[in-house]
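In my numbering, the protein residues as written are 46 to 173. All remarks here apply to the structure that follows.
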């Protein structure tokens, strides 16, 4: 079962959005798999110290996004197809790359300089 206690909520984004993004990130990292059970809405609200209506909204958003399946009278589970998994991988990777590019540009590095540094770091990582 996903451990939502690892989720550090902020005051900038809506809580239900943060929950949705947390679940996607756990899927991306391989810490959550298709078929994994999720806590009940009440349990999630208690774990995160949030309003149960917010937990319900998060579940509804995840169900609409195709991340969660809640069969009648059973526990909700992660349920996504290969296309959605690919979308999540692209989304998470795009965020990492966008942040990297933003920081590189702040440091006034050229694309050629960045490519050289990337190659060096890539090779260093292969040696370890």
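For every residue, glycine included, the Cβ atom is placed at its ideal position computed from N, Cα and C.
The beta-carbon separation of residue 80 and residue 123, rounded to 7 Å, stays under the 8 Å limit for a contact.
Taking 9 Å as the cut-off, the beta carbon of residue 114 is found no closer than this to the beta carbon of residue 60.
For residue 77, same chain residues with a beta-carbon under 7 Å away, outside a window of 5 residues either side, are 47, 68, 71, 123 in chain order.
Spanning the alpha carbons of residue 153 and residue 90 requires a straight line of approximately 44 Å. Residues of the same chain with a CB within less than 6 Å of the CB of residue 121, apart from the 5 flanking positions on each side, are 83, 113, 115 in chain order.
By DSSP's assignment, residue 122 forms a beta bridge with 82, 114.
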